[in-house]
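K.L.:
I have a structure I would like to understand better, so I am pasting it below and will then ask my questions one at a time.
2 protein chains.
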Amino acid sequence: MEQRLSELSVRTFVEHLATSDPIPGGGSAAAMAGAMAAALVHMVVELTLGRPLAEGNEDALMLTRRAAVAWQSELINLAELDANAYGAVVRARQLPRDTDRQRDARSIQVAACLREATRIPVATARAASGVLELAERLAPIGNRNAVSDVGVAALLAVAGLKGAALNVQINLPHLSEDEPLRAEAGTEIERLLSTVDERDRTLQDAVAERLR
Amino acid sequence: MEQRLSELSVRTFVEHLATSDPIPGGGSAAAMAGAMAAALVHMVVELTLGRPLAEGNEDALMLTRRAAVAWQSELINLAELDANAYGAVVRARQLPRDTDRQRDARSIQVAACLREATRIPVATARAASGVLELAERLAPIGNRNAVSDVGVAALLAVAGLKGAALNVQINLPHLSEDEPLRAEAGTEIERLLSTVDERDRTLQDAVAERLR
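Next comes the structure, spelled out in structure tokens:
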């Protein structure tokens, strides 16, 4: 892709997702959901600072804002990196395999690209979990008029986390048995998935409580 | 907003979400998640047609593709309409209320704008449910190499549906008791929410099964 994903218009980005070209795909969409979640957290912090509920919580709110800015930037970057990494896998698989030497070179290249294409969605899942944590902190203290935005942020962070996890899981069986990332990534994704439904439920209950 | 949301770059759109300006907010982000979901459904259809699994399913796949195109376009439009509708509420609330006549005019205008700002996320939730239905059809017959993309599509559709529902729910108490939309929207959102967790679980189980 000549143009950076993040420089495409929203409409063109969605149109690129829709084509038969698998790049960009679900990994980039998951990261973009996480980036929107971070942005909504940031917005709610802005709508809360200076209001009565912010009193005594200024430090927490400002730390939350700083973290949201960092995650937003990282997740937009990961959407881009995911597309690049998957593109590299596709190109590596197209390398010639007519001779033994070519086959060896190709499989080394495919393995290296698959490692990167797995590492990126692990980072996306981790970042989305970080954004979910910010929404968790914000749910009880955010501006009540924007509590639905905290809820949407959490929903998007959860979708980003689980979506990135699917992208790790589809790659893992293709990593070689002695590739350390195979066990590491599997363990980290399992750890993140093991708590996400409970975190999701707790947060949405807190949002629903404040919506009443 | 002078420029259409969908014409903004992805990065600028996310930056606009993050500002203290509540527009665009969670309603637009929810619709955008739904649009990405529709686009991923479309991509998986393209990656499936012409493959062995498509045999005998061509009609279903082509109907799914046609519906995905329609929902994608509608959801991008709803992201825009949501921002406009909420902007109109904010402007209506700023109308002067110094005289009885002004107060009457203002409350009529606020009520009309709130009705629209509620109608839009109802349409978003309905569209996201439609996209989820497409992912449900695609899960057993889509290209297995892209089954993670069906999973991400479903996660984003669910986040879009639930996120839009939160935007309806935060507005409902502000609609007047005798406004028919109040009961109608409440009923439709309850109906959509009543099945979404079960649909989500069933689909993710089907995806996990095919990921093995």
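So the sequence lines, in the order shown, correspond to chains A and B.
If you're matching positions, the first sequence starts at 832 in the working numbering and goes up one per residue.
If you're matching positions, the second sequence starts at 832 in the working numbering and goes up one per residue.
Cβ atoms here follow ideal geometry from the backbone N, Cα and C, with glycine treated the same way.
By alpha-carbon positions, which one of A:Leu986, A:Ser960 and A:Val941 ends up nearest to A:Asp1036?
P.N.:
Among A:Leu986, A:Ser960 and A:Val941, the Cα nearest to that of A:Asp1036 is on A:Leu986.
K.L.:
Quick one: what's B:Ser840 bridged to in DSSP?
P.N.:
DSSP output for B:Ser840 lists A:Ser840 as bridge partner(s).
K.L.:
Residues in the region 1017-1036 of chain B with C-beta within 9 Å of chain A's C-beta atoms, listed in sequence order?
P.N.:
Within the region 1017-1036 of chain B, the qualifying residues are Gln1035.
K.L.:
So, at 6 Å on beta carbons, what are the nonlocal neighbours of B:Met832 in its own chain, with the 5 sequence-adjacent residues on each side left out?
P.N.:
For B:Met832, the pLDDT reaches just 48, beneath the cut-off of 50, and the residue's location in the model is therefore unreliable, leaving the point undetermined.
K.L.:
As an exercise, report each continuous alpha helix (DSSP H) stretch of at least 4 residues that is fully enclosed by the region 962-1043 of chain B, in chain order.
P.N.:
Here the runs fully enclosed are 978-1002 and 1011-1042.
K.L.:
Could you give the distance in angstroms between the alpha-carbon of B:Thr879 and the alpha-carbon of B:Asn915?
P.N.:
Distance between the alpha carbons of B:Thr879 and B:Asn915: 38 Å.
K.L.:
Can you tell me where the alpha helix (DSSP H) with A:Leu912 in it begins and where it stops?
P.N.:
Where A:Leu912 is concerned, the enclosing alpha helix (DSSP H) stretches over Glu889 to Arg924.
K.L.:
I need the straight-line Cα distance from B:Val845 to A:Arg835, nearest angstrom please.
P.N.:
Answer to the nearest angstrom: the Cα atoms are 15 Å apart.
K.L.:
Would you report the Cα separation of B:Met867 and B:Thr930, rounded to the nearest angstrom?
P.N.:
About 47 Å.
K.L.:
State buried or exposed for B:Glu889, treating a residue as buried only when at least 16 other CB atoms are found within 10 Å of its CB.
P.N.:
By the 10 Å Cβ count, B:Glu889 comes out exposed.
K.L.:
Determine, using beta carbons only, whether B:His1005 comes closer than 7 Å to chain E.
P.N.:
Protein chains A and B are contained in the structure displayed, whereas chain E is not.
K.L.:
Give a yes or no on whether the minimum CB-CB distance between A:Ser851 and chain B is below 7 Å.
P.N.:
Judged by the 7 Å Cβ criterion, A:Ser851 is in contact with chain B.
K.L.:
Using a Cβ-Cβ cutoff of less than 8 Å, which residues in the same chain neighbour B:Glu911 once the five nearest sequence positions on both sides are dropped?
P.N.:
Hits under 8 Å: Arg835, Leu836, Ser837 and Ser859.
K.L.:
Are the CB atoms of A:Leu906 and A:Ala862 nearer to each other than 7 Å?
P.N.:
Yes, they are a contact pair.
K.L.:
With DSSP as the reference, label A:Ile951 as helix, strand or coil.
P.N.:
Helix at A:Ile951.
K.L.:
State yes or no: is the C-beta of A:Val953 within less than 7 Å of the C-beta of A:Val920?
P.N.:
Contact: no.
K.L.:
Nearest chain B C-beta to A:Glu889 closer than 7 Å, yes or no?
P.N.:
No - not a single Cβ of chain B is within 7 Å of the one on A:Glu889.
K.L.:
Check the Cβ of A:Asp980 against every Cβ in chain B and list those closer than 7 Å, keeping chain order.
P.N.:
Near A:Asp980 (Cβ distances below 7 Å), the residues of chain B are Gly856 and Gly857.
K.L.:
Compare the C-beta of B:Ala866 against all C-beta atoms of chain A and say whether one is closer than 7 Å.
P.N.:
It does: the Cβ of B:Ala866 has a partner Cβ on chain A nearer than 7 Å.
K.L.:
Of all the options A:Ala959, A:Ala849, A:Pro855 and A:Pro927, which has the alpha carbon lying nearest to the alpha carbon of A:Ala899?
P.N.:
Residue A:Ala959 is the option with its Cα nearest to A:Ala899.
K.L.:
Using only the alpha-carbon positions, how far apart do A:Val841 and B:Val841 sit?
P.N.:
Using only the alpha carbons, I get a separation of about 5 Å.
K.L.:
Distance, Cα to Cα, B:Met893 vs B:Ser938?
P.N.:
Rounded to whole angstroms, B:Met893 to B:Ser938 spans 48 Å at the Cα level.
K.L.:
Got a sec: is the Cβ-Cβ distance from B:Val845 to anything in chain A below 7 Å?
P.N.:
Answer yes: the Cβ-Cβ gap between B:Val845 and chain A drops below 7 Å somewhere.
K.L.:
Quick one: does A:Glu838 have its CB under 7 Å from some CB of chain B?
P.N.:
Yes - at least one Cβ of chain B is within 7 Å of the one on A:Glu838.
K.L.:
Can you grab the Cα-Cα spacing for the pair A:Pro855 / B:Ala1014, in whole Å?
P.N.:
Looking at the two C-alpha atoms, the distance is approximately 41 Å.
K.L.:
Would you tell me roughly how many angstroms separate the C-alpha atoms of A:Asn974 and A:Arg882, rounded to the nearest one?
P.N.:
Computed Cα separation, rounded: 8 Å.
K.L.:
Can you check whether the C-beta of A:Met893 is within less than 7 Å of a C-beta belonging to chain B?
P.N.:
Closer than 7 Å: no.
K.L.:
Of all the residues that make up the region 980-997 of chain A, which are near chain B by a beta-carbon distance shorter than 8 Å?
P.N.:
Listed by position along the chain: Asp980, Gly982, Val983, Ala984, Leu986, Leu987, Val989, Ala990, Lys993, Gly994 and Leu997.
K.L.:
So, is the C-beta of A:Arg975 closer than 7 Å to a C-beta in chain B?
P.N.:
Not an interface residue.
K.L.:
Note down the Cα distance separating A:Gln933 from A:His1005, rounded to an integer number of angstroms.
P.N.:
Computed Cα separation, rounded: 19 Å.
K.L.:
Quick one, which of B:Val989, B:Gln940, B:Glu947 and B:Asn1002 has its alpha-carbon nearest B:Arg957's?
P.N.:
Nearest C-alpha to B:Arg957: B:Val989.
K.L.:
Identify which residue in A:Val875, A:Arg1032 and A:Asn908 has its Cα closest to the Cα of B:Lys993.
P.N.:
Out of A:Val875, A:Arg1032 and A:Asn908, A:Arg1032 has the C-alpha closest to the C-alpha of B:Lys993.
K.L.:
Is the distance from the Cβ of B:Ala936 to the Cβ of A:Leu848 below 7 Å?
P.N.:
Not closer than 7 Å, so no.
K.L.:
Counting only beta-carbon atoms, is B:Glu1040 nearer than 7 Å to chain A?
P.N.:
No, its Cβ sits nowhere closer than 7 Å to a Cβ of chain A.
K.L.:
Could you tell me the distance, in whole angstroms, from the CA atom of B:Leu1024 to the CA atom of B:Leu1012?
P.N.:
The straight-line gap from Cα to Cα measures roughly 17 Å.
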